[in-house]
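Residue numbers (our numbering): 46 to 350.
We put the beta carbon where it would ideally sit given N, CA and C, even for glycine.
These notes are about the structure you will find just below.
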């Protein structure tokens, strides 16, 4: 680890990230009274960070796709109850794709700094891990971790409830007719229901909702990408699970492969998958694929009726 990085992380041994607009962040060095600083930060309801990044956070920018993953990974959510409620009230203003992204990201980060103890952690992360162990040793972070867990759980429940509400709403009437949909690249690969391939597509869509898949896979607009130009966590796995499961259940015409169908799906919906060739070869190893595949199998009949 660079000496300059170590010096900076000791100088900013712990930081208070203010959640109240127009108030600056604060920090303390390794030789300061860390326990007192943490107690004061918790009383003010601000976040706590162990790295050297000067985050900007407030109720108006917390739900930001570009920065949300960083918040989840690098901040202890030591909010007051009132601030958490303000964040929850904002969720109804978000679209379903964004809510799904926030839910999956928060679900994947049940605590901050999960990566600092991994075998592939870099020297910067490992040094933060040493700080974390030191603070845990004498119970300095006990209240911090309790508040962080309580706030994360409350936000997760609110996001899940919002997803369920969005799923209960009826989908918009398609701009194309059923007959026109029947001839689109993906839809035309399906076996027809009541002489309509669009009908089979809608059956699949309904099952996705029932299984709790947190994406609208047949939206007329491509899924909203994150600030890193990536699909939201889990989206690629959801697409793969949908195709794989319904191939097994004979919802597609005979002779078609997973490779054929995923290409047609991406063409029809306008979605993209980065490193598509690699994903096609390794999707079975994707954790989200296995999770969503199991969710679908739990609620599905064996064959198309």
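In summary, residue 181 is exposed, with fewer than 16 beta-carbon neighbours lying within 10 Å of its beta-carbon over all protein chains present.
The C-beta of residue 279 has 16 or more other C-beta atoms within 10 Å across all chains shown, which makes the residue buried. Taking residue 69 as the centre and dropping the five residues before and after it, the same chain places the C-beta of 63 closer than 8 Å to its C-beta, in chain order. Assigned with DSSP and collapsed to three states, residue 93 falls in strand.
Between the region 76-94 and the region 54-63, the count of Cβ pairs shorter than 8 Å is three or higher; the stretches touch. Bridge partners of residue 71 according to DSSP: 61. In its own chain, leaving out the 5 sequence neighbours on each side, no residue places its CB closer than 6 Å to the CB of residue 239.
Here the alpha carbon of residue 56 sits roughly 22 Å from the alpha carbon of residue 102. Comparing C-alpha distances from residue 133 to each of 188, 142, 252, 147 shows the shortest one belongs to 147.
Counting other Cβ atoms within 10 Å of its Cβ, residue 81 stays below 16 and is therefore classed as exposed. Non-local C-beta neighbours of residue 204 in its own chain, meaning closer than 8 Å and more than five positions away in sequence, comprise 136, 144, 147, 148, 151, ordered along the chain. Shown here, residue 107 sits in coil according to DSSP, grouped into three states, outside any helix or strand. DSSP places residue 289 inside the alpha helix (DSSP H), whose first and last residues are 280-293. Residue burial annotation: residue 266 is exposed, with fewer than 16 other C-beta atoms found within 10 angstroms of its C-beta.
In terms of Cα proximity to residue 97, the closest of 231, 260, 73, 198 is 73.
Per DSSP, the unbroken alpha helix (DSSP H) holding residue 170 starts and ends at 168-182. Annotation for residue 244: 238 place their beta carbon closer than 6 Å to its own, counting only its chain and skipping 5 residues before and after. Contact between residue 295 and residue 246 does not hold, since their C-beta atoms are separated by about 15 Å, which reaches or exceeds 8 Å. Beta-bridge annotation (DSSP): residue 121 is paired with 93.
Between residue 234 and residue 306, the gap from beta carbon to beta carbon is short of 7 Å. Residue 253 carries a helical assignment under DSSP once its states are collapsed to helix, strand and coil. Shown here, residue 301 sits in coil according to DSSP, grouped into three states, outside any helix or strand.
Taking C-alpha positions only, residue 126 is separated from residue 139 by approximately 21 Å. When DSSP reads this structure, residue 241 sits in a beta bridge with 238. Just so you know, the alpha carbons of residue 160 and residue 222 end up roughly 49 Å apart. Residue 149: member of the alpha helix (DSSP H) spanning 141-153, first to last residue. Approximately 12 Å separates the beta-carbon atoms of residue 86 and residue 193; this is outside 8 Å, ruling out the contact. Apart from sequence neighbours up to five positions away, the residues of its chain that approach residue 275 with a beta-carbon distance below 8 Å are 319, ordered along the chain.
Just measuring C-alpha positions, the residue of 174, 157, 156 sitting nearest residue 164 is 174. The C-beta of residue 329 has fewer than 16 other C-beta atoms within 10 Å across all chains shown, which makes the residue exposed.
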